[in-house]
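Take the sequence shown: its letter number 13 is residue 13 in full-length UniProt numbering, and every next letter is one higher.
What follows is one structure encoded as structure tokens, with my remarks underneath.
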Amino acid sequence: MAASSTPNIDPDEWCQLLAKRIHGLVETSPLSRKDVAAAVGLTPDRMRRKLRGETRLMITDVFAFARVLEIKPSELIAV
Numbered sequence: 001m002a003a004s005s006t007p008n009i010d011p012d013e014w015c016q017l018l019a020k021r022i023h024g025l026v027e028t029s030p031l032s033r034k035d036v037a038a039a040v041g042l043t044p045d046r047m048r049r050k051l052r053g054e055t056r057l058m059i060t061d062v063f064a065f066a067r068v069l070e071i072k073p074s075e076l077i078a079v
């Protein structure tokens, strides 16, 4: 059996990495944080909690952020 080329990463660590990546993109977006949150379908407070890792990012959140930030989901979630 061939070894996987996918790095082993803890799911919680991966979620934190993804949240940090999204947070960086939100910060550099020409849209305000409030506008990004609204476009994603979250309140600014809920978005803040998700991007700080206080609540779990769902796959629907990831796809919504990718759409709003105009990035392919595959680029966003790549390890």
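The beta-carbon is built from N, C-alpha and C at its ideal position, and this holds for glycine as well.
Boundaries (first-last residue) of the alpha helix (DSSP H) holding residue i
i	result
M47	44 to 51
S74	73 to 77
residue 80	The requested residue 80 is not part of the displayed model; the chain covers only 1 to 79.
T60	59 to 68
R33	33 to 40
Burial state of residue i (16 or more Cβ within 10 Å)
i	result
A78	exposed
D61	buried
L31	exposed
I59	exposed
K50	buried
Cut-off 7 Å between Cβ atoms - residues of its own chain near residue i, not counting five sequence neighbours on either side
i	result
A64	V40, G41
heavy atom of the ligand SAM below 6 Å from residue i C-beta
i	result
L76	The ligand SAM is absent from the structure shown, which contains no ligands of any kind.
6 Å Cβ shell around residue i - same chain, five flanking residues per side excluded
i	result
M1	Caution applies to M1, whose pLDDT of 48 falls short of 50 and renders its modelled position unreliable; the model cannot decide the point.
Contacts around residue i, its chain only, beta-carbon distance under 8 Å, and the 5 residues preceding and following it disregarded
i	result
P73	V62, F63, A66
Using 8 Å as the Cβ pair cut-off and three pairs as the minimum, do the segment 39 to 49 and the segment 8 to 20 touch?
They do not touch, by the three-pair rule.
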